[in-house]
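Participant: Chains as they are written, first to last, in this note's numbering: chain X, 1 to 163; chain L, 164 to 268. For glycine and all other residues, C-beta sits at the position ideal for the given N, C-alpha and C. The structure displayed is predicted, hence computed values, not measured ones. Take this structure, written in structure tokens, and hold onto it; I'll ask about it next.
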Amino acid sequence: MRAIGQIRTANRRELVLGASAVVLMSDLVARMMVATASAQPVQGAGWQELMRKILGDAKPVQGQIKLEVPEIAENGNTVPFTATVESPMTEVDYVKSLHVLSTANPVPAIAAFHFTPLSGRAIVSSRIRLAQTQDIVVLAQHSTGRFVMQRREVKVTIGGCGG
Amino acid sequence: MKPRVRVPGSVKAGEIVEIRTLVNHVMETGQRRTLDGRAIARNIIHTFTATFDGKEVFKADLNSGISANPYLAFHLKVPGPGQLVMTWTDDAGVIAVEKADIAIA
């Protein structure tokens with residue numbers, strides 16, 4: 001009886017040791033993967049996930065957003081951008097938010113803009129950084145819950161992630 | 164941070180006007196490294212807000228994909244005379260505030 005008990009304890013110890021080794025290994029692998037990902041952003045990594053998070057169960061309608069970005073940007077450090085969403089902008093029907101996503105930047109979320117009926121018009125302009133040639137995706141949510149989206153490619157000559 | 168803002172001084176009630184803002188800031192992405200390989204900490208303006216007489220007009224959650232010296236232009240439907248207050252907040256906790264009075268013609 002005692003012998004069996006000892007064997008069992010040994011097994012459990014081995015199990016615990018083995019499990020912690022696996023945890024350590026997977027942690028290392030995960031860290032290495034993160035390091036590789038940040039060093040070389042892969043086209044399409046992360047931004048779809050972000051889009052799913054923003055949308056939830058909603059299905060966005062293509063169009064109804066005017067997205068003004070240059071076709072070719074010589075300097076990826078500062079790319080002018082303007083987004084206009086059609087909306088009456090009244091208390092009952094206005095554009096709540098507009099998300100700007102990049103498909104190939106190290107950080108896929110560029111910005112989120114929030115409007116109110118006091119905005120009068122759902123228009124925003126800014127300047128963005130683009131690491132390389134890629135697509136800009138904008139997602140807008142109306143106060144009714146409806147989503148609209150637009151997508152445009154910008155060719156980048158000199159990337160905006162110098163350093 | 165030193166904001167520069169373009170706000171029309173005098174408008175008609177109900178008029179929709181464009182507000183243009185520019186603030187000098189490095190918008191350090193946190194992706195860059197020094198020559199000896201140390202990561203340079205991220206320092207960006209992460210939030211911009213604009214309120215008119217205390218009511219929210221426009222808000223922006225910014226990320227490292229926004230260029231240095233961030234430019235932001237948005238619109239305001241002027242309900243009447245009042246004050247537009249704009250606030251920029253960065254990762255270091257520095258806050259810049261700019262106020263502009265809008266009169267009705």
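From the DSSP output, in three-state form, read off Ile128 of chain X for me.
Facilitator: Ile128 of chain X: strand per DSSP, three-state reduction.
Participant: Could you name the residues of the same chain whose beta carbon sits closer than 8 Å to that of Gly44 of chain X, not counting the 5 residues immediately before and after it, in chain order?
Facilitator: Legend: pLDDT at Gly44 of chain X = 47, less than 50; position of this residue unreliable, no value from coordinates given.
Participant: What does a CB cutoff of less than 7 Å around Leu235 of chain L pick up in its chain, not counting 5 residues either side in sequence?
Facilitator: Thr184, Phe211, Ala223
Participant: Using the C-alpha atoms, what's the distance from Gly56 of chain X back to Arg129 of chain X?
Facilitator: The alpha-carbon atoms of Arg129 of chain X and Gly56 of chain X are separated by roughly 27 Å.
Participant: If Ile65 of chain X and Ala111 of chain X are in contact, beta carbons under 8 Å, what's the gap, nearest whole angstrom?
Facilitator: Wrong, their Cβ atoms sit about 15 Å apart, outside the cutoff.
Participant: Excluding the 5 residues flanking Leu67 of chain X on each side, which residues of the same chain have their C-beta closer than 6 Å to its C-beta?
Facilitator: Ala83, Val138, Gln150, Arg152
Participant: For Ser38 of chain X, which residues in the same chain have their Cβ closer than 8 Å to its Cβ, ignoring the five residues on either side in sequence?
Facilitator: Annotation note: pLDDT 43 at Ser38 of chain X (below 50); position unreliable, coordinate value reported separately. Same-chain partners within the cutoff: Pro106.
Participant: Helix, strand or coil, according to DSSP, for Ile203 of chain L in the structure here?
Facilitator: coil
Participant: How far does the beta strand (DSSP E) with Ile189 of chain X in it reach, from first residue to last?
Facilitator: With chain X running from 1 to 163 in the structure shown, residue 189 of chain X is simply not present.
Participant: Step through the CB atoms of chain X and report whether any lies within less than 8 Å of the CB of Gly172 of chain L.
Facilitator: Not a single C-beta of chain X is nearer than 8 Å to the C-beta of Gly172 of chain L.
Participant: Which residues of the region 220-243 of chain L have a Cβ closer than 9 Å to any Cβ of chain X? Give them in chain order.
Facilitator: Contact residues of the region 220-243 of chain L toward chain X are Val220, Phe221, Lys222, Ala223, Asp224, Leu225, Asn226, Ser227, Gly228, Ile229, Ser230, Ala231, Asn232, Pro233, Tyr234, Leu235, Ala236, Phe237, His238, Leu239, Lys240, Val241, Pro242 (C-beta to C-beta distance below 9 Å).
Participant: Do we get a CB-CB distance below 8 Å when we pair Lys218 of chain L with the residues of chain X?
Facilitator: yes
Participant: Kindly say whether Ile267 of chain L, judged by its beta-carbon, lies nearer than 8 Å to any beta-carbon of chain X.
Facilitator: no
Participant: Which partner residues does Pro80 of chain X have in the DSSP bridge list?
Facilitator: Beta-bridge partners of Pro80 of chain X (DSSP): X:Arg127.
Participant: Can the beta-carbon of Val79 of chain X be found closer than 8 Å to that of Pro88 of chain X?
Facilitator: no
Participant: Look up Arg51 of chain X in the DSSP assignment and say whether it is helix, strand or coil.
Facilitator: With the sequence shown as reference, residue 51 of chain X is identified as Met, and Arg is not the correct amino acid for it. Met51 of chain X falls in the helix class under three-state DSSP.
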